[in-house]
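Each step along the sequence shown adds one to the number in the working numbering, with nothing skipped, and position 13 is 32.
Working notes, structure below.
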Amino acid sequence: MALKSDKTDVLSFAWEGKGMHELVREIQELKRERQAVILAHNYQQDAVQDIADLVGDSLELSRYAAEADAEVIVLAGVRFMAETASILAPDKTVLLPDAFAGCPLAESVDVQELRREKEKYPDAAVVCYVNSPAEVKAESDICCTSSNAVKVVQSLPHHRILFVPDRNLASYVSRFTDKEIIPWPGLCITHYRATLEELEEARAAHPQAKVLVHPECRPEVCEAADFVGSTGAILKYARESDAQEFIIGTEMGIIHRLQQENPGKKFYLLSPGLICPNMKLTTLSKIAQCLKEMQPVIKVPEDIRQRAYRALKRMLEVV
């Protein structure tokens, strides 16, 4: 987790019609006026990460949203993340700078389909990856992130686990438990693009490099890697490792923070396909605009929010 104070410059940015410093100053003024914080996922554009008060993975953003001392939360990420902030902090106004920033993985699970699947496995606990809609969280026993999925599954008394919606994360979890994991067929299109052949090619090109990948990658990619973990875990591994070179198997946005935190080390992207178009929809201009207009607001209906909150709260209580 990277918590940062206000700053009036950014290290890099995409040209958006205004000067960099002018746009940053405008955002900082609007933040103070609205009593807002900006939370950005590790996959966001460099400039968005640089303007954020907090940069982190899904678990870190969830914890911070629940405790943030702010009237407004600007969630620089995708819709399910803004929904999670709304569930955990219903008294705050949650803004998503781009209303079309969705997640194909989250959209691969439908609440009606989940209910039918639950009927097939009445003795199973439903473990729901946070990359899912609020309605699906509300139908689940507990949520998890890629950081704590194994701990969440192990914390349950149930032997049978219906794991939604990421089949690759389910496969990774199954390596560390003797419980029966029933996977949903969804997957992250971005992480799925990384292949074992690309990993082997990258390793041949950089034989001294450690290979760090996200558990949403294909099982064979995870098995061949030196380390598998969430974006937060990948960042921690790179900071603490004596290695000087790393091949990174997750969305390219994380390279920016890796380079900031480890200026003497080298990082190579495992695959050129590791880019999420939805994560790149958020820009500085859109952040400024949403703070001006206080739109689009993401608000989860209270009946769904209360049930989803229970699943998220149980997740946050798993140590």
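Virtual Cβ for every residue (Gly too), placed ideally from N, Cα, C.
When DSSP states are grouped into helix, strand and coil, Glu126 belongs to the helix group. The three-state reading of DSSP puts Lys284 in coil, since its state is none of H, G, I, E or B.
Spanning the alpha carbons of Pro123 and Arg222 requires a straight line of approximately 29 Å.
Out of Pro296, Gln263, Cys295 and Leu335, the CA that lies nearest to the CA of Glu280 is found in Gln263. With the rule of 3 Cβ pairs closer than 8 Å, the segment 89 to 96 does not count as touching the segment 150 to 161.
Non-local C-beta neighbours of Lys284 in its own chain, meaning closer than 6 Å and more than five positions away in sequence, comprise Gln263, ordered along the chain.
Its Cα nearest to that of Tyr140, the residue Phe182 stands out among Thr250, Lys156, Phe182 and Lys318.
Under the DSSP definition of a beta bridge, His60 partners with Gly75.
Judged by DSSP in its simplified three-state form, Val192 adopts helix. Nearest to Ala330 by alpha-carbon distance, out of Val171, Val43, Ile317 and Leu277, is Val171.
Judged by beta-carbon spacing, Glu126 lies beyond the 9 Å limit of Val145, meaning their Cβ atoms are not closer than that value. Per DSSP, the beta bridge partners of Thr112 are Val91. Each residue's CA atom was taken as its position, placing Ser190 and Val43 some 42 Å apart. When the beta-carbon positions are compared, Ser165 and Ser77 come within less than 9 Å of each other.
A direct Cα-Cα distance of roughly 17 Å separates Thr103 from Val337.
In this structure Arg237 is not in contact with Asn297, their Cβ atoms being roughly 20 Å apart against a cut-off of 8 Å. By the CB criterion at 9 Å, Gln64 and Lys311 fall outside the cutoff. The beta carbons of Thr250 and Ile273 sit about 5 Å from each other, so the pair counts as a contact at 8 Å. Assignment of beta-bridge partners to Lys229 by DSSP yields Phe265. Sorting Leu289, Gly248 and Val130 by C-alpha distance to the C-alpha of Ala224 places Leu289 at the top. The continuous beta strand (DSSP E) containing Ala144 extends over residues Ala144 to Tyr148.
With contacts defined by Cβ atoms closer than 9 Å, Asp129 and Val155 form a contacting pair. If you draw a straight line from the Cα of Arg51 to the Cα of Glu235, it comes to about 37 Å. Judged by beta-carbon spacing, Ala213 lies within the 9 Å limit of Leu293, meaning their Cβ atoms are closer than that value.
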